[in-house]
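Residue numbers (the numbering used here): 413 to 526.
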């Protein structure tokens, strides 16, 4: 992988564990398999507004993408302006989760009285 730069086996194991946990969280929280039939994975191809590239690492709930032709990865949100490559479906555009607090046309109440 072009971005891997750590040769210490213990660090590599810890990095892989961190990545696996964060990818599990991203796939589960944003429901990528259920909503879009895709999974965020190290080495997975993505298309972002900035260009195409691959997932090379995680950064909490974000993905580190190495865009084609770039030498340094960029951090991007897993569902913001991003499409995932699927061998069976081609490019699959992700979308943010619906806001559970938003209700169409209803005014928001703060519960405070004046």
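Note that beta-carbon positions come from the ideal geometry of N, C-alpha and C, so glycine has one too.
Because the structure is a prediction, the values reported are computed rather than measured.
Separation of the CB atoms of residue 437 and residue 473 is rounded to 7 angstroms, and the pair is thereby assigned contact status at 8 angstroms.
For residue 505, the enclosing beta strand (DSSP E) starts and ends at 502-505. A contact is defined here as three or more CB-CB pairs under 8 angstroms, and the region 476-485 fails this definition with respect to the region 502-510. In the DSSP annotation of this structure, the continuous segment of the beta strand (DSSP E) that includes residue 469 starts and ends at 463-471. Closest by C-alpha distance to residue 426, out of 470, 487, 503, is 470.
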